[in-house]
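**Q** Residue numbers (this note's numbering), protein chains in the order written: chain E, 101 to 346; chain L, 101 to 346.
There are 2 protein chains.
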Amino acid sequence: MRIIKKIFSNSRSNEDGIFFDEVSKILGFKPLNMIHYRKAFTHRSMNKSDDEGNPMNYERLEFLGDAMLGSVIAAHLFNKVPTGDEGYLTKMRSKIVSREHLNELGKDLNLIRHVESKVSTQHFGENIHGNLFEALIGAIYLDRGFTYCEKFIHKKVIVPYVDIAKLEGKVISYKSLLIEWCQKEKHTFQYDVFEDNGNEGIKYFGVKLKIDNKIIAKARATSKKKAEEKASQRAYFAFQEKINKK
Amino acid sequence: MRIIKKIFSNSRSNEDGIFFDEVSKILGFKPLNMIHYRKAFTHRSMNKSDDEGNPMNYERLEFLGDAMLGSVIAAHLFNKVPTGDEGYLTKMRSKIVSREHLNELGKDLNLIRHVESKVSTQHFGENIHGNLFEALIGAIYLDRGFTYCEKFIHKKVIVPYVDIAKLEGKVISYKSLLIEWCQKEKHTFQYDVFEDNGNEGIKYFGVKLKIDNKIIAKARATSKKKAEEKASQRAYFAFQEKINKK
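This is how it looks when you write it as structure tokens:
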């Protein structure tokens, strides 16, 4: 009996350890109280309750995370675009925190992989990705406070996705911008796309962008189009930096 | 010439000193960078610009303050009502941050008194009060960060105004609740209302609530009805505390 107990408690703590490592990897810092993250990845179908008998799933955390995301993005836009008036700031924020965009963010982090659910995750709609992303931000707020929410959102949302020129509609596609530039300046270009799934259960695509047969940028995303766009944007910014340094 | 300069610089620093004192009084703590509060009280009709040529008025700060208010109230409700689901939390928050409520908060702090404007403040609509309140929160965020926003909102919004039972519609009026109780328990009651304007330019009413000829609660507000309701609520909570202690 003792041995069985030991095996059970070991397997339990191993599982906790794996969850802790995976959450740390997603967050980029060490979580303090895992209960919030357990909740952030628990679907209502599990019918779990906490010690006080309140439902333990991520739905309430979505509300909290949505609010924190809204205020961090508001502060970023306020500082970044000092010429933008209230209407502009409001419009830009709704573009950044759109349902579609949140789903993309959740999908990119492959949050669904960690969900505990009695319903197969295949039956969830697209919105599960964004909901999990919001819930995760809510959990970060409860665990580490506003400053850590800010850091996380900066790293995972603002740096990789918040491109003011694109949001303003000044740049529709970095791919067309880059192709246009190559044609004008007489450079050859080539997008090498390949499946790059790893063992994460979601289909990913990798792309290598070559200009004059030299790899200029790489990217990985959940569709070919997104991966190409990401690589083009990276190449575009790399070129811009070069031009600015000259 | 030197004397004139001295007089000018003195009168200037006196004015700054008065503004600093008044803002400190409103905030309940010492502000660090007054530029944000100057902006929070500058109407667009002043046509002011900052050093970079960007318009200097409170409109952008409203956007920032609104976001901070939203997330502080979200966190409060999340913790305060652990049984409330997403829909409930969203509904309660919109009641708390309703335009009407924000106007009331701004009016209670008499923020309009500090506005710099070329248009007479009498021409502003009701919403100016709420807009100034939001802008002030935005200024606090820029000056002292999220934690000070939280403290300020806690003191000025949550403690005096966020009454879950009332927001849920379980209590419509503390005055009727109190009167009902007095009649049932055979106590006499009396509301003594008087004008209590001070020198703040807005009409205020004070009320003393007597039960069995003893003053039980006092309150002050911008209408008779509000002052009576506030005093009734205070009396109600005082009685509840007494009953709980027994």
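Beta carbons: idealized from backbone N, C-alpha and C, even for Gly.
Source: prediction; values computed, not measured.
When burial is assigned at 16 or more other CB atoms within 10 Å of the CB, is residue 198(L) buried or exposed?
**A** Working through the second sequence from its first residue, we reach residue 198(L) at position 98. So residue 198(L) counts as exposed.
**Q** Which value, in whole angstroms, describes the spacing of the CA atoms of residue 184(E) and residue 193(E)?
**A** Against the first sequence, residue 184(E) aligns to sequence position 84. Against the first sequence, residue 193(E) aligns to sequence position 93. Note on geometry: alpha-carbon atoms of residue 184(E) and residue 193(E) lie some 12 Å from one another.
**Q** For residue 274(E) and residue 186(L), what's the separation of their Cα atoms in angstroms?
**A** Working through the first sequence from its first residue, we reach residue 274(E) at position 174. Working through the second sequence from its first residue, we reach residue 186(L) at position 86. Whole-angstrom Cα-Cα distance: 38 Å.
**Q** Determine the direct distance from the alpha carbon of residue 158(L) to that of residue 142(L), and round the result to whole angstroms.
**A** The residue labelled residue 142(L) in the question sits at position 42 within the second sequence. The residue labelled residue 158(L) in the question sits at position 58 within the second sequence. Roughly 6 Å between the two C-alpha positions.
**Q** Given 8 Å as the limit, is there contact between the stretch 242-249 of chain E and the stretch 214-224 of chain E, that is, 3 or more CB pairs closer than that?
**A** no
**Q** Residue 283(E) lies in the alpha helix (DSSP H); which residues open and close that run?
**A** Position 183 of the first sequence, counted from the start, is the residue given in the question as residue 283(E). Note, residue 283(E): alpha helix (DSSP H), 274-285.
**Q** Within a Cβ cutoff of 8 Å, which residues of the same chain sit near residue 263(E), ignoring the five residues on either side of it in sequence?
**A** As a working note, residue 263(E) is residue 163 in the first sequence. Excluding residues within five positions, the ones whose Cβ falls inside 8 Å are 271 and 333.
**Q** Kindly say whether residue 164(E), judged by its beta-carbon, lies nearer than 8 Å to any beta-carbon of chain L.
**A** Taking the first sequence and counting its residues from 1, one reaches residue 164(E) at position 64. For residue 164(E), the answer is yes, since a Cβ of chain L falls inside 8 Å of its Cβ.
**Q** In the DSSP assignment, find the beta strand (DSSP E) that holds residue 240(L) and state where it starts and stops.
**A** As a first step, residue 240(L) is located in the second sequence; it is residue number 140 there, counting from the start. From DSSP, residue 240(L) is part of no beta strand (DSSP E) but of the alpha helix (DSSP H) over 227-244.
**Q** Check distances from the C-beta atoms of the stretch 172-191 of chain L to those of chain E and list, in chain order, the residues that come in under 7 Å.
**A** Flagged, chain order: 174, 175, 178, 182, 183, 185, 186, 189 and 190.
**Q** Which of the residues in the stretch 129-157 of chain L, read from start to end, lie with their CB under 7 Å from any CB of chain E?
**A** 152 and 154
**Q** Can you give the beta carbon distance from residue 154(E) to residue 182(L), rounded, assuming they're within the 8 Å contact cut?
**A** The residue you call residue 154(E) lines up with position 54 of the first sequence. The residue you call residue 182(L) lines up with position 82 of the second sequence. Indeed, because the Cβ distance is near 5 Å, the residues count as touching under 8 Å.
**Q** Looking at C-alpha atoms only, which residue of 191(E), 151(E), 255(E) and 284(E) is the closest neighbour of residue 268(E)?
**A** Counting from 1 along the first sequence, the entry for residue 268(E) is found at position 168. The shortest Cα separation from residue 268(E) among 191(E), 151(E), 255(E) and 284(E) belongs to 191(E).
**Q** For the beta strand (DSSP E) containing residue 159(L), list its first residue and its last residue.
**A** Along the second sequence, read from residue 1 onward, the residue named residue 159(L) stands at position 59. Note, residue 159(L): premise wrong, no beta strand (DSSP E); alpha helix (DSSP H) at 159-180.
**Q** For residue 121(E) and residue 195(L), I'd like the C-alpha separation in whole angstroms.
**A** Translated into the one-based positions of the first sequence, residue 121(E) becomes position 21. Translated into the one-based positions of the second sequence, residue 195(L) becomes position 95. Near 41 Å, if we compare the C-alpha coordinates of residue 195(L) and residue 121(E).
**Q** On a CA-only basis, which of 307(E), 338(E), 340(E) and 188(E) is nearest residue 324(E)? Give me that one, please.
**A** Locating residue 324(E) in the first sequence gives position 224, where the first residue counts as 1. Nearest C-alpha to residue 324(E): 307(E).
**Q** To which residues of the same chain is residue 214(L) closer than 7 Å at the C-beta, ignoring the five residues directly before and after it?
**A** Indexing the second sequence from 1 puts residue 214(L) at position 114. Excluding sequence neighbours, residue 214(L) sits near 122 and 141.
**Q** Take the Cβ of residue 116(E) as the centre, count every other Cβ of all protein chains shown within 10 Å, and call the residue buried at 16 or more, exposed below.
**A** Position 16 of the first sequence holds residue 116(E). Exposed is the call here.
**Q** Residues of chain L with CB closer than 7 Å to the CB of residue 199(E), please, in chain order.
**A** Locating residue 199(E) in the first sequence gives position 99, where the first residue counts as 1. In chain L, no part has a C-beta under 7 Å from the C-beta of residue 199(E); the shortest such distance is about 15 Å.
**Q** Check the Cβ-Cβ distances between residue 167(E) and every residue of chain L, and say whether any is below 8 Å.
**A** For this step, residue 167(E) is matched to residue 67 along the first sequence. Yes, because at least one Cβ of chain L sits closer than 8 Å to the Cβ of residue 167(E).
**Q** I'd like to know whether the C-beta of residue 159(L) is nearer than 8 Å to at least one C-beta of chain E.
**A** Residue numbering aside, residue 159(L) sits at position 59 when the second sequence is read from its first letter. So, interface residue.
**Q** Exposed or buried, residue 204(L), counting other C-beta atoms within 10 Å across all chains shown (16 or more means buried)?
**A** Translated into the one-based positions of the second sequence, residue 204(L) becomes position 104. When all chains shown are included, residue 204(L) counts as buried.
**Q** Pick from 146(E), 163(E) and 310(E): whose alpha carbon is nearest that of residue 97(E)?
**A** Residue 97(E) falls outside the range modelled here, since chain E spans only 101 to 346, and no answer is possible.
**Q** Would you kindly work out how many angstroms separate the C-alpha atoms of residue 281(L) and residue 227(E), rounded to a whole number?
**A** Working through the second sequence from its first residue, we reach residue 281(L) at position 181. Working through the first sequence from its first residue, we reach residue 227(E) at position 127. If you take the alpha carbons of residue 281(L) and residue 227(E), they lie about 50 Å apart.
**Q** Around the C-beta of residue 265(L), are 16 or more other C-beta atoms found within 10 angstroms, so that it is buried, or is it exposed?
**A** Counting from one through the second sequence, the residue named residue 265(L) turns up at place 165. Residue 265(L) is exposed by the Cβ-count criterion.
**Q** List, in chain order, every chain L residue whose beta-carbon is nearer than 8 Å to that of residue 241(E).
**A** Taking the first sequence and counting its residues from 1, the one referred to as residue 241(E) is at position 141. What residue 241(E) touches in chain L: 175.
**Q** Give me the Cβ distance between residue 114(E) and residue 162(E), rounded to the nearest whole Å; I'm assuming they're in contact under 8 Å.
**A** For the purposes of this step, residue 114(E) is taken as residue 14 along the first sequence, with counting starting at 1. For the purposes of this step, residue 162(E) is taken as residue 62 along the first sequence, with counting starting at 1. Not confirmed; about 30 Å, so no contact.
**Q** State the Cα-Cα distance for the pair residue 310(E) and residue 303(E), rounded to the nearest angstrom.
**A** Translated into positions along the first sequence, residue 310(E) becomes position 210. Translated into positions along the first sequence, residue 303(E) becomes position 203. Looking at the two C-alpha atoms, the distance is approximately 23 Å.
**Q** To which residues of the same chain is residue 108(L) closer than 8 Å at the C-beta, ignoring the five residues directly before and after it?
**A** Walking along the second sequence from the start, residue 108(L) turns up at place 8. With a pLDDT of 48 at residue 108(L), under the threshold of 50, the modelled position of this residue cannot be trusted; read the value that follows with caution. Closer than 8 Å at Cβ, skipping near neighbours: no residue.
**Q** Keeping to the same chain, check which residues put their C-beta closer than 7 Å to that of residue 229(L); ignore five residues upstream and five downstream.
**A** Here residue 229(L) refers to the residue found at position 129 of the second sequence. These residues qualify, in order along the chain: 203, 206, 207, 211 and 212.
**Q** First and last residue of the beta strand (DSSP E) that includes residue 292(E)?
**A** By one-based count along the first sequence, residue 292(E) stands at place 192. Residue 292(E) -> beta strand (DSSP E) spans 289-295.
**Q** How close, in whole Å, do the beta carbons of residue 335(L) and residue 317(L) come, if the pair is a contact with beta carbons under 8 Å?
**A** The sequence position of residue 335(L) within the second sequence is 235, counting from 1. The sequence position of residue 317(L) within the second sequence is 217, counting from 1. With 8 Å as the limit, residue 335(L) and residue 317(L) qualify as a contact, their Cβ atoms being about 4 Å apart.
**Q** Applying a beta-carbon distance threshold of less than 7 Å, which residues of chain E neighbour residue 246(L)?
**A** For the purposes of this step, residue 246(L) is taken as residue 146 along the second sequence, with counting starting at 1. Those within 7 Å of residue 246(L) in chain E are 246.
**Q** Would a C-beta distance cut-off of 8 Å place residue 164(L) and residue 175(E) closer than the cut-off?
**A** The residue you call residue 164(L) lines up with position 64 of the second sequence. The residue you call residue 175(E) lines up with position 75 of the first sequence. Against a cut-off of 8 Å, the Cβ pair of residue 175(E) and residue 164(L) comes out as a contact.
**Q** In the DSSP assignment, find the unbroken alpha helix (DSSP H) run with residue 132(L) in it and report its ends.
**A** Within the second sequence, residue 132(L) is the residue found at index 32, counting from 1. No alpha helix (DSSP H) holds residue 132(L); DSSP gives it neither H nor E.
**Q** Check whether the Cβ of residue 170(E) lies closer than 8 Å to any Cβ atom in chain L.
**A** Numbered from 1 along the first sequence, position 70 holds the residue referred to as residue 170(E). Judged by the 8 Å Cβ criterion, residue 170(E) is in contact with chain L.
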